[in-house]
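Numbering-wise, our numbering puts 90 at position 104 of the sequence shown, and it's gapless, one number per residue.
Report on the structure given below.
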Amino acid sequence: MIFSQTKPKVYFKTFGCRTNVFDTQVMMSNLEDFEVTKDEKQADIVVINSCTVTNSADSTARGYINQLNRFPKKPRVIFTGCGVWTKGENLFKEDKVDSLFGHSEKEKINELLKKEERFFQAGDLEHIDDTIVEEFIGKSRAFIKIQEGCDFRCSYCIIPHVRGDARSYKEDKILEQIEKLASNGFGEFILTGTNVGSYGKKQHTSLAKLLKKMSQIKGVRRIRMGSIEPIQIDDEFKEIINEPFMAKHLHIALQHTSKEMLKIMNRRNKVLKDLELFEFLKENGYALGTDFIVGHPGETNQLWAEAMENLKSFPLTHVHAFTYSKRDGTPSASMKDIVKGNIAKERYNELTSIIEKKNYEFRKNNTQTLEVLIEQEKNGKYIGLDQFFNQIEVESSVDLTGDWIFLDDYERRQDKNVARFK
């Protein structure tokens, strides 16, 4: 590639989870000889940060690659992310992409993109990034990656095989990053990683200790967390749940509410203990979300009915539900008793309907002032999230983007809260 005074333009296409969102920011932070563009059709290079959590995720990435190849100005296509370890070799051999690199190589992106020859650098599954991210392009909230990898081996999940075992970022690096972001105006921080609750393992520290130190940094107003496992909410963590810096929302991964299904999924959580934990958090004013897999192999009508009866007892307000999708290379992929797609869809609708009603009831019964960070303007309305992770739509004659507002007077609608800012 010949370099001129005009830097080549790079477009980042990010699939998947918040961890990938952060990884993309790491790559952007390490670009020196390139310019980031938000217009993929103007890009000289497109970097695809892939997800491979299901076979469908792989298909989505492949479809996007085919789309790029039809652009009038065909960009160089560089593939990275979790998909490198599952589909990367085939994509490279088939000339679907120009080059590939794995997670451990992303901090070298500037030098990699300068290479004129094709390359395939998968790297390793033991790396921890050293980059300090000081800005989040187009974001009001900052995502902070605190750990990588997972030691759990759930039967449906490929992620430990593409991100490695659990390992934590150094505390001083995390705090340095938060200090810089807070000084740049960020007030809300979302902790992310493959398995956030495992932070501190083998480092003689913990998630609770990290949260306390984060809260002492000037400018930090609110801290949220990505998905955490029930068994990771220990006594030390419970001691800080009422601290003012904690968002009043936790996303706790249940995955199912049938004892037998949890066993089939090779999960570590137990239904009765989960319910006890959720009741405790509810009593402390928390909105509670969860992940839930619908239609996993072995999910009989009887087990589904049991799961829904149990679910009704849980004080849930949010759910990230998804119908099971086969992931080659996992134990679940070879299991029998497949649930038909139409049945899985019916179950999905039943589940989400239950949680939507629970969310509406939670919002109707809430009497606390809403503390809202406005993230964006859309169709003439300002959109933000309150401390309970509920969206609110605000009418205002002044630009509120990036502002914190406090609302006592608002309308609780079936799908969201709405207000007029005066």
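Here a beta-carbon is modelled for each residue, glycine too, at the ideal position from N, C-alpha and C.
- prompt: How many Å lie between valine 280 and glycine 370 at the Cα?
  reply: The residue you call residue 280 lines up with position 294 of the sequence shown. The residue you call residue 370 lines up with position 384 of the sequence shown. Linking valine 280 to glycine 370 through their CA atoms gives a straight-line distance of about 29 Å.
field: Coil, strand or helix - valine 101 by DSSP
entry: Sequence index remark: in the sequence shown, residue 101 carries index 115 (1-based). Going by the sequence as given, residue 101 is lysine instead of valine. Three-state result, lysine 101: coil.
- prompt: From leucine 267 to glutamate 165, what does the alpha carbon distance come to, in whole angstroms?
  reply: Mapped onto the sequence shown, residue 267 falls at position 281. Mapped onto the sequence shown, residue 165 falls at position 179. In a straight line, the C-alpha of leucine 267 is about 29 Å away from that of glutamate 165.
- prompt: How about glutamate 347 and glutamine 373: are their beta carbons less than 7 Å apart?
  reply: Sequence index remark: in the sequence shown, residue 347 carries index 361 (1-based). Sequence index remark: in the sequence shown, residue 373 carries index 387 (1-based). For glutamate 347 and glutamine 373, no; Cβs fall outside 7 Å.
- request: Output the boundary residues of the alpha helix (DSSP H) element that contains isoleucine 341.
  value: Locating residue 341 in the sequence shown gives position 355, counting from the first residue. 327 to 351 is the extent of the alpha helix (DSSP H) around isoleucine 341.
query: With distances taken from CA atoms, which of Leu337, Thr303, Arg207 and Phe106 is nearest valine 344?
result: Against the sequence shown, residue 344 aligns to sequence position 358. Note that residue 344 is lysine in the sequence shown, not valine. For the residues Leu337, Thr303, Arg207 and Phe106, the minimum Cα distance to lysine 344 belongs to Thr303.
task: Give the single residue among Glu215, Ser85, Pro283 and Glu285 whose Cα lies nearest to the Cα of phenylalanine 264.
output: Working through the sequence shown from its first residue, we reach residue 264 at position 278. Per the Cα distances, Glu215.
DSSP three-state assignment for isoleucine 164, whether helix, strand or coil: Within the sequence shown, the letter at position 178 stands for residue 164. DSSP places isoleucine 164 in helix when its eight states are reduced to three.
- request: Could you work out which residue in Glu342, Ala307 and Gly179 is closest to proline 146 when comparing CA atoms only?
  value: The sequence position of residue 146 within the sequence shown is 160, counting from 1. Nearest option by C-alpha distance: Gly179.
- request: Give the range of the beta strand (DSSP E) segment to which tryptophan 390 is assigned.
  value: Here residue 390 refers to the residue found at position 404 when the sequence shown is read from its first residue. From DSSP, the beta strand (DSSP E) with tryptophan 390 extends over 390 to 393.
message: Rounded to whole angstroms, what is the Cα-Cα separation between glutamine 241 and lysine -7?
response: Mapped onto the sequence shown, residue 241 falls at position 255. Mapped onto the sequence shown, residue -7 falls at position 7. Distance between the alpha carbons of glutamine 241 and lysine -7: 46 Å.
query: With burial defined as no fewer than 16 other Cβ atoms inside 10 Å of the residue's Cβ, what is the status of glycine 327: buried or exposed?
result: Here residue 327 corresponds to residue number 341 of the sequence shown, with the count starting at 1. With fewer than 16 Cβ atoms within 10 Å of its Cβ, glycine 327 is classed as exposed.
- prompt: Apart from the five residues just before and just after leucine 248, which ones in its own chain have a Cβ nearer than 6 Å to its Cβ?
  reply: On the sequence shown, residue 248 is found 262 positions in, with the first residue counted as 1. Closer than 6 Å at the Cβ level, and outside the excluded window around leucine 248, lie His242.
- prompt: Of the residues Glu21, Arg48 and Val305, which one's Cα is nearest the Cα of glutamate 417?
  reply: Given a span of -13 to 408 for the chain in the structure shown, any question on residue 417 remains unanswerable.
query: Excluding the five sequence neighbours on either side, which residues of its own chain have a C-beta within less than 8 Å of the C-beta of threonine 355, listed in chain order?
result: Counting from 1 along the sequence shown, the entry for residue 355 is found at position 369. Within the same chain, threonine 355 has close Cβ partners Phe392, Leu393 and Asp394.
task: Tell me whether the beta-carbon of threonine 309 lies closer than 7 Å to the beta-carbon of alanine 291.
output: Counted from its first residue, the sequence shown places residue 309 at position 323. Counted from its first residue, the sequence shown places residue 291 at position 305. Contact: no.
message: Going by C-alpha to C-alpha distance, which of Ile51, Pro58, Glu93 and Leu98 sits closest to leucine 77?
response: Stepping through the sequence shown from its first residue, residue 77 is reached at position 91. Considering only alpha carbons, the answer is Ile51.
- request: Keeping to the same chain, check which residues put their C-beta closer than 6 Å to that of serine 85; ignore five residues upstream and five downstream.
  value: To locate residue 85, count along the sequence shown from 1; it is residue 99. The answer, listed in chain order, is Ile64, Arg104 and Phe105.
Rounded straight-line distance, which links the Cα of glutamine 107 to that of glutamate 332: Translated into the one-based positions of the sequence shown, residue 332 becomes position 346. Translated into the one-based positions of the sequence shown, residue 107 becomes position 121. Each residue's Cα considered, the two are about 43 Å apart.
query: Considering valine 83, what are the terminal residues of the beta strand (DSSP E) in which it resides?
result: In the sequence shown, counting from the first residue as 1, residue 83 sits at position 97. Premise fails: valine 83 is in no beta strand (DSSP E) and is neither H nor E.
- request: Any chance you could list the beta strand (DSSP E) runs of at least 3 consecutive residues sitting entirely within the segment 249 to 303, in chain order?
  value: 273 to 280
- prompt: Should lysine 322 be labelled buried (16 or more other beta-carbon atoms within 10 Å of its own) or exposed?
  reply: Within the sequence shown, numbered from 1, the residue matching residue 322 stands at position 336. Under this definition lysine 322 is an exposed residue.
field: Endpoints, the alpha helix (DSSP H) within which arginine 48 is located
entry: Position 62 of the sequence shown, counted from the first residue, corresponds to residue 48. 41 to 54 is the extent of the alpha helix (DSSP H) around arginine 48.
- prompt: CA-CA distance, glutamate 134 and serine 383?
  reply: Locating residue 134 in the sequence shown gives position 148, counting from the first residue. Locating residue 383 in the sequence shown gives position 397, counting from the first residue. Looking at the two C-alpha atoms, the distance is approximately 43 Å.
query: Can you give the Cα-Cα distance for glycine 67 and glycine 150, rounded to whole angstroms?
result: Counted from its first residue, the sequence shown places residue 67 at position 81. Counted from its first residue, the sequence shown places residue 150 at position 164. Their Cα atoms are separated by approximately 13 Å.
task: Per DSSP, which residues does histidine 237 bridge with? Please list them.
output: Working through the sequence shown from its first residue, we reach residue 237 at position 251. DSSP output for histidine 237 lists Gly275 as bridge partner(s).
message: To the nearest angstrom, how far is the alpha carbon of phenylalanine -11 from that of leucine 99?
response: In the sequence shown, counting from the first residue as 1, residue -11 sits at position 3. In the sequence shown, counting from the first residue as 1, residue 99 sits at position 113. Model confidence at phenylalanine -11 stands at a pLDDT of 45, short of 50, so the residue's coordinates are unreliable; what they give is reported in the following sentence. Straight-line Cα distance between these residues: approximately 12 Å.
message: One question on the structure: do glutamine 202 and serine 154 come within less than 7 Å of each other, judged by their Cβ atoms?
response: Counting from one through the sequence shown, the residue named residue 202 turns up at place 216. Counting from one through the sequence shown, the residue named residue 154 turns up at place 168. Going by C-beta atoms, glutamine 202 is not nearer than 7 Å to serine 154.
Closest residue to serine 90 among Gly74, Leu111, Thr72 and Asp277 (Cα-Cα distance): Counting from one through the sequence shown, the residue named residue 90 turns up at place 104. Comparing Cα-Cα distances from serine 90 to each of Gly74, Leu111, Thr72 and Asp277, the minimum goes to Leu111.
Residue interval of the beta strand (DSSP E) (run including serine 36): For this step, residue 36 is matched to residue 50 along the sequence shown. That run of the beta strand (DSSP E) goes 31 to 36.
- request: Compute the distance between the beta-carbons of serine 213 and alanine 239, then report whether it is under 7 Å.
  value: Numbered from its first residue, the sequence shown carries residue 213 at position 227. Numbered from its first residue, the sequence shown carries residue 239 at position 253. Yes; because the gap between Cβ atoms is below 7 Å, this pair is in contact.
field: Cβ separation of proline 301 and leucine 274, assumed to be a contact under 8 Å, to the nearest whole Å
entry: For the purposes of this step, residue 301 is taken as the residue at position 315 of the sequence shown. For the purposes of this step, residue 274 is taken as the residue at position 288 of the sequence shown. Contact holds; Cβ gap of about 6 Å.
- prompt: Beta carbon of phenylalanine 129, beta carbon of valine 7: below 7 Å?
  reply: On the sequence shown, residue 129 is found 143 positions in, with the first residue counted as 1. On the sequence shown, residue 7 is found 21 positions in, with the first residue counted as 1. Going by C-beta atoms, phenylalanine 129 is nearer than 7 Å to valine 7.
field: Every unbroken alpha helix (DSSP H) inside the segment 170 to 250 [4 residues or more]
entry: 193 to 201, 221 to 224 and 245 to 250
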